[in-house]
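The numbering of the sequence shown is full-length UniProt numbering, which starts it at 1 and goes up by one.
All C-beta atoms in this analysis are idealised placements derived from N, C-alpha and C, irrespective of residue type, glycine included.
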Amino acid sequence: METVEMNSVSLKRPHSEDDVANADEIKKPKILEKSKTGNDSGQSIETVTEQPDKSVLEDTKNEIIPNEEGEEQEDEELEESDEDGDPESFADMMKHGLTESDVGITKFVSSHKGFSGILKERYSDFVVHEIGKDGRVSHLDDFSVPVDDEDLSEDTFTVLSDEDKQRLEELQLLKNKETSVAIEVIEDTKEKRTVIHQAVKSLFPGLETKTEDRDGKKYIIAYHAAGKKALANPRKHSWPKSRGSYCHFVLYKENKDTMDAINVLSKFLRVKPNIFSYMGTKDKRAITVQEIAVLRITAQRLAHLNKCLMNFKLGNFSYKNHPLKLGELQGNHFTVVLRNITGTDDQIEQAMHSLREIGFINYYGMQRFGTTAVPTYQIGRAILQNNWNEVMDLILKPRPGAEKGYLVKCREEWAKTKDPAAALKKLPVKRCVEGQLLRGLLKYGMKNIISAFGIIPRNNRLMYIHSYQSYVWNNMVSKRIEEYGLRAVPGDLTLKGATAVHIEEGDVDNYTIHDVVMPLPGFDVIYPKHKIGEAYKEMLVADNLDINNMRHKIRDYSLSGAYRKIIIRPQNVSWEVVAYDDPKIPLFTTDLDKLEGKPLPILPTDGKFRALKMEFSLPPSTYATMAIREVLKMDTSIKNQTQLNTTWLR
Numbered sequence: 001m002e003t004v005e006m007n008s009v010s011l012k013r014p015h016s017e018d019d020v021a022n023a024d025e026i027k028k029p030k031i032l033e034k035s036k037t038g039n040d041s042g043q044s045i046e047t048v049t050e051q052p053d054k055s056v057l058e059d060t061k062n063e064i065i066p067n068e069e070g071e072e073q074e075d076e077e078l079e080e081s082d083e084d085g086d087p088e089s090f091a092d093m094m095k096h097g098l099t100e101s102d103v104g105i106t107k108f109v110s111s112h113k114g115f116s117g118i119l120k121e122r123y124s125d126f127v128v129h130e131i132g133k134d135g136r137v138s139h140l141d142d143f144s145v146p147v148d149d150e151d152l153s154e155d156t157f158t159v160l161s162d163e164d165k166q167r168l169e170e171l172q173l174l175k176n177k178e179t180s181v182a183i184e185v186i187e188d189t190k191e192k193r194t195v196i197h198q199a200v201k202s203l204f205p206g207l208e209t210k211t212e213d214r215d216g217k218k219y220i221i222a223y224h225a226a227g228k229k230a231l232a233n234p235r236k237h238s239w240p241k242s243r244g245s246y247c248h249f250v251l252y253k254e255n256k257d258t259m260d261a262i263n264v265l266s267k268f269l270r271v272k273p274n275i276f277s278y279m280g281t282k283d284k285r286a287i288t289v290q291e292i293a294v295l296r297i298t299a300q301r302l303a304h305l306n307k308c309l310m311n312f313k314l315g316n317f318s319y320k321n322h323p324l325k326l327g328e329l330q331g332n333h334f335t336v337v338l339r340n341i342t343g344t345d346d347q348i349e350q351a352m353h354s355l356r357e358i359g360f361i362n363y364y365g366m367q368r369f370g371t372t373a374v375p376t377y378q379i380g381r382a383i384l385q386n387n388w389n390e391v392m393d394l395i396l397k398p399r400p401g402a403e404k405g406y407l408v409k410c411r412e413e414w415a416k417t418k419d420p421a422a423a424l425k426k427l428p429v430k431r432c433v434e435g436q437l438l439r440g441l442l443k444y445g446m447k448n449i450i451s452a453f454g455i456i457p458r459n460n461r462l463m464y465i466h467s468y469q470s471y472v473w474n475n476m477v478s479k480r481i482e483e484y485g486l487r488a489v490p491g492d493l494t495l496k497g498a499t500a501v502h503i504e505e506g507d508v509d510n511y512t513i514h515d516v517v518m519p520l521p522g523f524d525v526i527y528p529k530h531k532i533g534e535a536y537k538e539m540l541v542a543d544n545l546d547i548n549n550m551r552h553k554i555r556d557y558s559l560s561g562a563y564r565k566i567i568i569r570p571q572n573v574s575w576e577v578v579a580y581d582d583p584k585i586p587l588f589t590t591d592l593d594k595l596e597g598k599p600l601p602i603l604p605t606d607g608k609f610r611a612l613k614m615e616f617s618l619p620p621s622t623y624a625t626m627a628i629r630e631v632l633k634m635d636t637s638i639k640n641q642t643q644l645n646t647t648w649l650r
């Protein structure tokens with residue numbers, strides 16, 4: 001096996017939805033021509049012109065990024081206020097972005113010649129099925145609801161008028177001064193009153209009801225049972241003891257990220273998002289299938305949402321006594337279509353055999369490092385250096401490159417006045433990282449940046465230091481492969497259970513490159529005993545950090561470190577080359593297609609275009625884009641794409 005070094009041309013993508021380090025990151029379409037170096041780069045988006053020698057790539061990850069409970073992602077809100085420039089100006093601005101070599105991604109493991117293709121020409125060309133901790137792949141294949149004597153009648157969902165629902169929601173959310181809502185019972189019967197009582201209590205958790213006579217008419221009076229404490233809390237007394245407290249279901253979603261989907265579900269159900277749990281977040285620009293659990297919401301209520309939600313389907317319902325936990329999954333299974341490929345059959349066979357037999361370098365993908373001229377790893381480094389003025393400056397200072405108009409104005413105001421209140425006024429959306437830091441500075445003052453920075457949600461703050469760890473790891477792995485190739489050598493690290501041990505000279509023949517791990521820097525890891533161990537120390541010294549003292553005076557920012565395999569060999573790898581004429585037709589059937597009985601279109605034997613259909617499974621915290629990069633020999637940074645082709649697709 002030989003390693004191949006790539007030329008330092010590269011490209012960086014707008015971040016994937018599960019990765020929320022910078023809320024100002026941008027999602028834009030672009031295509032790019034094949035590079036003269038032979039390394040192809042590109043990025044996907046909704047519409048792609050049909051150009052046989054061009055490739056488009058959108059970075060995609062199989063990474064678990066936890067979100068704060070109940071907190072909405074900011075990307076969707078920010079996009080609505082976007083102020084785009086013309087295509088050329090954006091491409092020109094992206095010259096300030098990162099390249100792959102900037103973040104240590106410089107090597108390939110395979111020797112085949114690269115070829116171009118279009119990834120995610122349609123979001124349905126990228127399908128992700130979650131693999132649970134039991135090894136079972138999640139599929140949506142059953143819409144039926146478990147039979148339960150306690151379930152409500154269908155009338156429960158229709159007995160209340162839209163006006164009644166609006167008034168009840170305002171009461172439930174304490175949006176007005178009303179202390180109760182009266183609903184007149186038309187065509188009064190005991191059965192009708194019972195259905196209204198059930199509808200109010202089940203659809204608006206936290207509200208209680210009673211019946212009153214007013215002027216000879218019957219009214220159902222809804223009121224708060226326990227003030228704000230009852231708001232949106234599942235009602236314990238209405239849940240049967242024999243039924244598991246959590247309803248587990250499979251969520252099938254199209255072109256939506258996981259947190260956005262949960263926020264939509266919570267709004268329709270009128271509950272808080274933090275009663276939902278899941279094992280991992282999934283990409284937006286894809287079709288994804290994953291398991292979700294929700295506390296004390298019936299399968300019947302969830303199934304009812306299938307009638308009114310776009311781009312979602314819920315099914316495979318069951319009741320269990322436990323929620324789901326982040327990271328419990330075994331990984332994800334990917335079904336990917338690369339359209340308009342240019343490779344010969346031999347090239348494709350070599351590439352896919354290499355992916356199956358050798359694998360790919362387990363780099364952290366480009367979205368880990370942000371998309372603007374200020375990489376997230378630089379902010380992480382400043383945090384670890386305890387240089388809080390630098391942290392503030394990196395987040396708020398004007399920066400070249402692609403940004404939303406209001407962020408540019410906010411940064412200009414900050415540079416001019418250093419006044420948090422004045423800069424904050426320039427932001428229509430205050431929930432972005434910049435807005436949160438400015439609010440913190442307004443609250444705690446310029447001399448207490450640590451507390452001001454603490455206003456930013458914990459997961460977002462930790463994203464910065466994890467980005468720095470990833471930056472170090474990528475660079476060290478490239479050095480390791482350059483120095484020693486694709487074989488285990490004495491001084492490498494391998495895992496015995498959860499413990500890392502050095503490979504000794506006498507044992508080296510018992511190990512392969514697939515056994516080798518390398519550390520993310522921290523206070524609780526050991527380092528290789530060869531040249532790369534010293535290289536870690538040198539890199540951190542250059543960054544004014546002490547590899548032997550990775551504890552921070554603020555506990556949250558102390559890095560314990562971890563180990564990560566340097567080569568990942570995907571499982572369940574299969575592939576097929578198909579011909580097609582129409583770029584808009586699907587090339588495989590989804591779970592929903594199968595449930596709805598939609599047949600796969602009949603494809604021509606010799607169409608105008610060729611596509612590579614590939615399937616593979618990856619463990620958690622592994623970037624699918626890095627696997628596809630290895631197949632196509634593509635660079636995945638936006639900067640490279642925009643240098644190669646400045647045409648935006650609207």
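Quick check on the burial criterion: 16 or more other C-beta atoms within 10 angstroms. Buried or exposed for residue i?
i    : result
R461 : buried
G327 : exposed
L174 : exposed
H112 : buried
K443 : exposed
S161 : exposed
Q469 : buried
E572 : At residue 572 the sequence reads Asn, which differs from the Glu that was named. Exposed, because fewer than 16 other Cβ atoms sit within 10 Å of the Cβ of N572.
With C-beta atoms as the reference, is residue i less than 9 Å away from residue j?
i    : j    : result
R487 : D556 : no
G359 : L329 : no
G290 : V501 : Going by the sequence as given, residue 290 is Gln instead of Gly. No, the Cβ-Cβ distance between Q290 and V501 is not below 9 Å.
V195 : V159 : yes
A351 : S138 : no
T288 : Y319 : no
N332 : I568 : no
Y406 : M476 : no
E254 : F334 : no
P146 : Y246 : no
Y219 : I275 : no
E630 : S354 : yes
V271 : P205 : yes
My output table needs one value for residue i: the three-state DSSP class, helix, strand or coil.
i    : result
L612 : strand
F453 : helix
I554 : coil
M518 : strand
A579 : strand
D546 : coil
G491 : coil
Y246 : strand
Q571 : strand
G435 : helix
K584 : coil
H322 : coil
L338 : strand
How many angstroms separate the CA atom of residue i from the CA atom of residue j?
i           : j    : result
Y527        : L203 : 56 Å
Y484        : F588 : 41 Å
Q385        : P375 : 16 Å
P490        : E538 : 21 Å
D492        : Y364 : 20 Å
T258        : K241 : 30 Å
T99         : Q300 : 50 Å
P273        : F249 : 16 Å
residue 674 : D515 : With the chain covering 1 to 650 only, the question about residue 674 has no answer from this structure.
F108        : L119 : 19 Å
K217        : H224 : 23 Å
residue 733 : M392 : Here the chain has residues from 1 to 650 only, and residue 733 is not among them.
Q347        : F115 : 8 Å
C410        : D524 : 40 Å
L595        : F369 : 39 Å
K426        : G440 : 16 Å
R167        : L309 : 22 Å
Taking Cβ positions only, does residue i come closer than 9 Å to chain D?
i    : result
Q198 : Given the protein chain composition of this structure (a single chain), no chain D is represented.
(message) Check whether the region 605-625 and the region 572-586 are in contact - that is, three or more C-beta pairs closer than 8 Å.
(response) The answer is yes - the region 572-586 touches the region 605-625, with three or more Cβ pairs under 8 Å.
(message) Is it the case that the region 515-523 contacts the region 561-577, given that we only count it when at least three CB pairs across the two stretches are under 8 Å?
(response) Touching, yes, given that three or more Cβ pairs across the two stretches are closer than 8 Å.
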